[in-house]
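Protein chains in written order, with my numbering: chain A, 45 to 310; chain B, 21 to 334. Accompanying notes for the structure given below.
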């Protein structure tokens, strides 16, 4: 088919027309939990451990809510790909302020490429002007899904964002890169991934938890999306990291400098 | 038979040392060829530096005005097109450059990506960290597709220079590039100090340093030791220093010979960034701080007294 239409989603971006924002909202093991590898190397212990929203996704949701409060967005939709018991997780995002949620139900975790393929399907129905994701999930630490989604969608990506400004059909994004701060301009629709300093997510208030109970959650079985397969990475073994042993305590600077000199470090 | 393509990271005509670390990882795969792809507006200087790296068999250059800045949306289609020329592996460093570009290229190639390669078991099997390095997984990439990976630079030393330089060839790619993503500016913290990611010595400050002004004490010691200056997330969040100094799970992962942590308590997320350091020195007033569990040398006391003493003594 000849590519004679603008990219999907672009139609909703007529000047002055507020857009929809799709936010990826993953549930992960809470960042304060000390991860234990199972002795048989088949995984990490997740039974009974506290689960929380991925911190970067909370930042993504906060940014979307602020854009809605500024009148730039009209609707914020959170989406997760998770087992059936993830509904309280989505209620949490709804209590924070999302308008509605999409729950793609899977038996187990999916990899970034599969997640990107799922989000591409959601984009087809939601038609967002922006998709905001965390720059990485703190469980698998892959840092891939946003970039893969942008590739499959054939739209711009602005990763590791520490500042986001939307004006008309463009966004200006400051990115935290190794060399400093890079600013790029992207046409919308686009994919943005969040870094830590983009914002500080709000706290959820009790009345909002009550309100969230009546907000809609759409559930979709992963299988019904008919996403493409292939390219899966297989995890075959889990091991604890090599430990650094505790060293020596010195009593003063002279002793410290003596040891460093012995090691040839100063 | 494996043939590896490494995408060079560079800025202002200088090849980033992360590329030489990728070459070390590539050599571990015992390949028949290691080729480096330089995408730039004027790639000659960078290509000449890449051609000297020990183990590199060829350097390919793509000179296009659009490649003046490393924009993932612009680079990825070129990388994907180049990678289809019979390569078994596509490697980038696990820096913000590689993390931005590699997944976009992997998706265009229709395959998954192995992030943060720590070690190579065989050409399709690798280890990588998850949960901020609290678990190490062995992963197997599909054998029928190109392997796309990012290389955890702290796990691999840089290769040295070879006696003979590799040939440099211009590559022409028939790829239409998007204009939907445009570079505006790069604000680089102007620093005379060594680069944090490749420095042999690093002096880092944390929340205990207390203010932006107090961070001078960190910089002074760093300068005396010819070290790079780093920081914990807490210090960056508090505005004591710029983001490019952050060391840890979500900042830079480094492996200097000497790491001096000053006023840093040692959250897991920070320790992730330093556990490959040769010698870790911790100075903290709290004897119970977790940093002392991983430090080779610990000193408990007031940093405002101890750090100037240390600066005077070295």
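Where a beta carbon is used, it is the ideal one built from N, C-alpha and C, also for glycine. Just so you know, these numbers come straight off a predicted model, no measurement behind them.
Under 9 Å, do residue 147 of chain B and residue 139 of chain B count as touching if we go by C-beta distance? Yes, the Cβ-Cβ distance between residue 147 of chain B and residue 139 of chain B is below 9 Å.
If we count Cβ pairs, one from each stretch, closer than 8 Å, do we get three or more for the region 248–257 of chain A versus the region 103–113 of chain A? Touching, no, given that fewer than three Cβ pairs across the two stretches are closer than 8 Å.
What number of angstroms, rounded off, separates the C-alpha of residue 179 of chain A from the C-alpha of residue 238 of chain A? For residue 179 of chain A and residue 238 of chain A, the distance between alpha carbons rounds to 5 Å.
Does the Cβ-Cβ distance between residue 249 of chain B and residue 258 of chain B come in under 9 Å? no
Quick check on residue 221 of chain B - is its C-beta less than 9 Å from some C-beta in chain A? yes
I'd like to know if residue 97 of chain A contacts chain B, where contact means its C-beta is closer than 9 Å to some C-beta of that chain. no
If you draw a straight line from the C-alpha of residue 81 of chain B to the C-alpha of residue 232 of chain B, how long is it? 43 Å
First and last residue of the alpha helix (DSSP H) that includes residue 256 of chain A? 250–256
Check each candidate in A/228, A/66, A/300 and A/286 and name the one with the smallest Cα separation from residue 169 of chain A. A/66
In chain A, which residues lie with their C-beta within 7 Å of the C-beta of residue 48 of chain B? Those do not exist, as residue 48 of chain B stays about 18 Å from chain A at its closest Cβ, beyond 7 Å.
Near residue 91 of chain B, which residues of its chain fall below 7 Å by C-beta distance, leaving aside the five closest residues on each side in sequence? Taken in chain order, the residues that qualify are 201 and 203.
Less than 9 Å between CB atoms is the rule here; does residue 212 of chain B satisfy it with respect to chain A? no
List, from N- to C-terminal side, the alpha helix (DSSP H) runs of 4 residues or more that fit wholly inside the region 103–167 of chain A. Along the length of the region 103–167 of chain A, whole alpha helix (DSSP H) runs at least 4 residues long occupy 131–140, reported in chain order.
Would you mind listing the alpha helix (DSSP H) stretches within the region 37–101 of chain B that are 4+ residues and don't spill past its ends, in chain order? 37–48 and 64–71
Between the region 190–213 of chain B and chain A, which residues of the former have CB atoms less than 7 Å from a CB of the latter, in chain order? Those residues of the region 190–213 of chain B that come within reach of chain A (Cβ to Cβ, closer than 7 Å) are 200, 201, 202, 203, 204, 205, 206, 207, 208 and 209.
Which class does residue 291 of chain A belong to by DSSP, given the choice of helix, strand or coil? coil
Measuring only the C-alpha atoms, how far is residue 128 of chain A from residue 327 of chain B? 54 Å
Judging by CA-CA distance, which residue of A/151, A/93, A/176 and A/81 is the nearest neighbour of residue 122 of chain A? With distances taken between Cα atoms, residue 122 of chain A lies closest to A/176.
Could you spell out the range, first to last residue, of the alpha helix (DSSP H) harbouring residue 121 of chain B? 116–128
Per DSSP, residue 219 of chain A is paired with what? A/205 and A/226
Which residues mark the beginning and the end of the beta strand (DSSP E) in which residue 286 of chain A is found? Unbroken run through residue 286 of chain A: none, as it is neither H nor E.
Residue 63 of chain A - DSSP class collapsed to helix/strand/coil: strand
If you reduce the DSSP assignment to three classes, tell me which class residue 99 of chain A lands in. helix
Under a Cβ-count criterion, where at least 16 other Cβ atoms within 10 Å of its own Cβ denotes burial, should residue 147 of chain A be classed as buried or exposed? The residue in question, residue 147 of chain A, is buried, as its Cβ has 16 or more Cβ neighbours within 10 Å.
Using only the alpha-carbon positions, how far apart do residue 29 of chain B and residue 246 of chain B sit? About 25 Å.
Ordered along the chain, which non-local residues of its own chain (more than five positions away) have a Cβ less than 7 Å from that of residue 158 of chain A? 271
Please go through the same chain and pick out, in chain order, the residues whose beta-carbon is closer than 7 Å to the beta-carbon of residue 117 of chain B, but skip the five residues on each side of it. So the qualifying residues of the chain are 29 and 90.
Using only CA atoms, which one of B/301, B/214, B/207 and B/244 lies nearest to residue 375 of chain A? Lying before the first or after the last residue shown, residue 375 of chain A is absent from chain A, which here runs from 45 to 310.
Starting from residue 203 of chain B and walking both ways along the beta strand (DSSP E), at which residues does that stretch end? 201–208
Run down chain A in chain order and give the residues with a C-beta less than 7 Å from the C-beta of residue 107 of chain B. In chain order: nothing, as chain A lies at least about 16 Å away.
Here's a check: name, in chain order, each residue in its chain whose Cβ is nearer than 6 Å to the Cβ of residue 230 of chain A, leaving out the five neighbours to either side. Its chain contains 200, 202 and 215 as the residues whose beta carbon lies nearer than 6 Å to that of residue 230 of chain A, once the 5 sequence neighbours on both sides are disregarded; these appear in chain order.
Rounded distance between the beta-carbons of residue 39 of chain B and residue 54 of chain B, thought under 8 Å: That belief does not hold up - the Cβ atoms of residue 54 of chain B and residue 39 of chain B are roughly 11 Å apart, past 8 Å.
Residue range of the beta strand (DSSP E) that includes residue 148 of chain B: 145–150
At a cut of 8 Å, does the region 152–165 of chain B reach the region 60–78 of chain B through at least three beta carbon pairs? no
Taking Cβ positions only, does residue 315 of chain B come closer than 9 Å to chain A? yes
Neighbour flag for residue 110 of chain A against chain B, beta carbons, 9 Å: no
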